[in-house]
Amino acid sequence: MTDELPSSTRPRTPPHLPSAVSLVGFMGAGKTTIGQALAAKLGWRFVDLDDLIVKRGGRTIPEIFQQDGEVAFRDLEQQLLQQAIRPSQAGGAVLSLGGGAFIDNTNQRLLRENEIPAVFLDAPAEELFRRCEESGVVRPLLNDRNGFSALYEQRRPAYMNAAYCIQTAGREIASIVDEIISRLGLDANSGASK
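Going by the numbering used here, the letters in the sequence shown line up with residues 3 to 196, in that order.
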């Protein structure tokens, strides 16, 4: 005889508690940095969609934009998001989406249908621009301050479709991570419900 409970009586995470979470927001929002810290605190995997794109495309994101165009880039992004969602449903993943991924209604729907809440990491455009400049990372859509702010304002309404909005300006990473965990009703020790 086995000590294992029948599957119907095993403790399960209630359906409203996520087994994965996605971080969305504009360039410089801190999706990668906060995502890595969140995953570490929860003991979950961290999946950066931009890293998957670079690996699959065999080129940097600016090179893909320049050589293939934004439409081809967004198609690849959506394909890889679909692939990343599958193993994330097995539990324990923080997905960091590129700045433009959540703008696409299909990507928003994919996350909702798979019960992966989106957390919008927000800050004023001036703060995001400063972070991008300081990072030194080449970003295809970062040209000038006015263009940056205009693109941010254009995308912000889509970001506001996220399940949660977290303000990041002037805050420590640990504080942001703790707020995400609290808002999602997770336990930092196990990634399960409190």
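From the three backbone atoms N, C-alpha and C, an ideal C-beta is built for every residue, glycine too.
Sort the options by Cα distance to residue i and report the nearest one.
i: ARG147; options: ALA86, LYS57, GLU129, GLY59; result: GLU129
i: ALA152; options: SER21, PHE28, ALA22; result: PHE28
i: ASP124; options: GLN80, GLY101, GLN81, ASN107; result: GLY101
i: VAL121; options: GLU72, PHE131, SER24; result: SER24
i: ALA160; options: ILE178, SER184, THR108, GLU136; result: THR108
i: PRO20; options: ILE105, ARG158, CYS134, GLY94; result: GLY94
i: ARG96; options: ASP77, ILE105, GLU117; result: For the record, residue 96 in the displayed sequence is Val; it is not Arg. With distances taken between Cα atoms, VAL96 lies closest to GLU117.
i: PHE104; options: THR62, GLY45, TYR154, PHE131; result: TYR154
i: ALA127; options: GLU65, ARG157, LEU186; result: ARG157
i: ALA201; options: PHE150, ARG173, ARG185, GLY172; result: Outside the shown range of the chain (3 to 196) lies residue 201, about which nothing can therefore be said.
i: VAL26; options: ASP189, MET162, GLY149; result: MET162
i: LEU82; options: ARG132, LYS43, ARG58; result: ARG58
Can you tell me whether DSSP reads residue i as helix, strand or coil?
i: GLY71; result: coil
i: SER21; result: coil
i: ASP52; result: helix
i: ARG158; result: helix
i: ARG47; result: strand
i: PRO8; result: At PRO8 the pLDDT is 39, less than 50, meaning the model places this residue with poor confidence; the figure from the coordinates comes in the next sentence. DSSP places PRO8 in coil when its eight states are reduced to three.
i: MET3; result: Caution applies to MET3, whose pLDDT of 42 falls short of 50 and renders its modelled position unreliable; the value that the coordinates give is listed next. Residue state, collapsed to three classes: coil.
i: ILE182; result: helix
i: LEU153; result: helix
Contact criterion: CB-CB distance below 8 Å. Does residue i meet it with respect to chain B?
i: GLY45; result: This model lacks chain B altogether, as it is built from one protein chain only.
Determine, using beta carbons only, whether residue i and residue j come nearer to each other than 8 Å.
i: ALA39; j: ARG47; result: no
i: ILE1; j: ASP77; result: This structure cannot speak to residue 1, because the chain is shown only from 3 to 196.
i: SER137; j: LYS33; result: no
i: ILE183; j: THR170; result: no
i: ASP50; j: GLN80; result: no
i: CYS134; j: GLY30; result: yes
i: ILE197; j: ILE36; result: This structure cannot settle anything about residue 197, because the visible part of the chain is limited to 3 through 196.
Q. Which runs of the alpha helix (DSSP H) spanning at least 4 residues fall entirely within the segment 78-138, listed in chain order?
A. The DSSP assignment places complete alpha helix (DSSP H) segments of no fewer than 4 residues inside the segment 78-138 at 107-115, 127-137, in order along the chain.
Q.
With three or more beta-carbon pairs closer than 8 Å as the criterion, would you say the segment 108-121 touches the segment 70-90?
A. Segments in contact, yes.
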